[in-house]
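Participant:
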Amino acid sequence: MIFTTITKDLQKELKSNMPQIMVLLKKQPAIAYKKIGDIGKEVGKKYNIELLVNFPHRGKIENFDMYGKQDLSFIVDMKKTRFPIKRSIIKEKAKEIFGDVETEDAYMYEGKEGVKVFLGPANESGRKEDRIDILPHSLHVWYEFTDKVTEFCDWLLENVYLIRDIQPEKNNV
Numbered sequence: 024m025i026f027t028t029i030t031k032d033l034q035k036e037l038k039s040n041m042p043q044i045m046v047l048l049k050k051q052p053a054i055a056y057k058k059i060g061d062i063g064k065e066v067g068k069k070y071n072i073e074l075l076v077n078f079p080h081r082g083k084i085e086n087f088d089m090y091g092k093q094d095l096s097f098i099v100d101m102k103k104t105r106f107p108i109k110r111s112i113i114k115e116k117a118k119e120i121f122g123d124v125e126t127e128d129a130y131m132y133e134g135k136e137g138v139k140v141f142l143g144p145a146n147e148s149g150r151k152e153d154r155i156d157i158l159p160h161s162l163h164v165w166y167e168f169t170d171k172v173t174e175f176c177d178w179l180l181e182n183v184y185l186i187r188d189i190q191p192e193k194n195n196v
C-alpha cells in the first residue's frame, strides 16, 4: 500500500495549500507550478524518493481536483538499470489487474530495460499517452489513479522497487 500512502499524503498536502496555489495561478502561474513541484518534492523526501507532479498538457494545471491523482513520477534510484524480477512478471501482473491491456518492452538499450503498460487508445496523432512507464529507477504514471492503477502501482513499489513498510522519516513529518 506504499503508492496509496504516498499519494494520499501528497493529496492532503496539495489540498491544504490549494488556496495559495489558486491565487498564484491567477497572478504568477510559474510560481504556482514551482510551489506544486516543491510540495511533491517535500512529500517524496519523507519516503526517501523523488516525487514529481507533472502537468503534461496545457490546461491540466487548472484541474485542481486531480492534483496528486494523476501524472506523477516516482524517482526511486537513478543508478538502477535492471529490474529485480523478470519483465514478463511485470507484464503478467498488468494483464492480471487490467485485463486485456497492451504491454511492451521499452528503453531496451545500453543494458537498460523498461516496460510500458498502455491504458487507453491512441490520441489523434497516434500517440498512446494514457500509460504507465516502468523503469528500474523510476515509475511514471500518465493516467488517473483508478482503483486498478493504484493496485498495480502498490504492487510495483513493493515488488519491483522493493519499497516495503516504509514509514515517513520522523524528522520530516
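Quick note: the sequence shown uses my numbering, first residue 24, plus one each step. No residue lacks a Cβ here, since even glycine has one placed at the ideal position from N, Cα and C.
Assign Thr169 to buried or exposed, taking buried as 16 or more other Cβ atoms, counted over all protein chains shown, within 10 Å of its Cβ.
Facilitator: With fewer than 16 Cβ atoms within 10 Å of its Cβ, Thr169 is classed as exposed.
Participant: If you drop the 5 nearest sequence neighbours on each side, which residues of the same chain put their C-beta closer than 6 Å to that of Ile29?
Facilitator: Same-chain partners within the cutoff: Tyr70.
Participant: Quick one: using the 10 Å Cβ neighbour count with 16 as the cut-off for buried, is Pro52 buried or exposed?
Facilitator: That one is exposed.
Participant: Is it buried or exposed, Ile72, if we count other Cβ atoms within 10 angstroms and call 16 or more buried?
Facilitator: So Ile72 counts as buried.
Participant: Trp27 lies in the alpha helix (DSSP H); which residues open and close that run?
Facilitator: Position check: residue 27 holds Thr in this sequence, whereas Trp was assumed. First-last of the alpha helix (DSSP H) with Thr27: 25-39.
Participant: Would Gln43 be called buried (16 or more neighbouring beta carbons within 10 Å of its own) or exposed?
Facilitator: With fewer than 16 other Cβ atoms within 10 Å, it is exposed.
Participant: Need the endpoints of the beta strand (DSSP E) that Phe106 sits in, please.
Facilitator: Note, Phe106: premise wrong, no beta strand (DSSP E); not H, not E.
Participant: Identify whether Asn194 lies in helix, strand or coil by the three-state DSSP scheme.
Facilitator: Reliability of the predicted coordinates at Asn194 is poor, the pLDDT of 42 falling under 50, and the value obtained from them is presented with this limitation in mind. Helix.
Participant: If Arg105 sits next to Glu127, beta carbons under 8 Å apart, how far is it from one beta carbon to the other, in whole angstroms?
Facilitator: Not confirmed; about 18 Å, so no contact.
Participant: Reducing DSSP to helix, strand and coil, say where Glu65 ends up.
Facilitator: Helix.
Participant: Can you name the start and end residues of the beta strand (DSSP E) that Thr126 belongs to?
Facilitator: Per DSSP, Thr126 belongs to the beta strand (DSSP E) from 125-128.
Participant: Note down, in chain order, each residue of its chain lying with its Cβ closer than 7 Å to the Cβ of Leu33, except the 5 sequence neighbours on either side.
Facilitator: Here the set comprises Gly63, Val66, Leu74, Gly91.
Participant: Per DSSP, Ile98 is paired with what?
Facilitator: Answer by DSSP bridge pairing, in chain order: Glu73, Ser161.
Participant: In three-state terms, what does DSSP make of Glu181?
Facilitator: Helix.
Participant: Short of 8 Å in beta carbon distance, which residues of its chain neighbour Val124, apart from the five on each side in sequence? Order them along the chain.
Facilitator: For Val124, where only same-chain residues beyond five positions count, the Cβ hits under 8 Å are Ala117, Lys118, Val140, Phe141, Leu142.
Participant: Within its chain, find whatever has a CB closer than 7 Å to the CB of Lys103; leave out the 5 residues flanking it on each side and keep chain order.
Facilitator: Correct list, in chain order: Pro159, His160.
Participant: Rounded to whole angstroms, what's the CA-CA distance from Phe78 to Ala55? Just pull it up for me.
Facilitator: Going from the Cα of Phe78 to the Cα of Ala55 covers about 12 Å.
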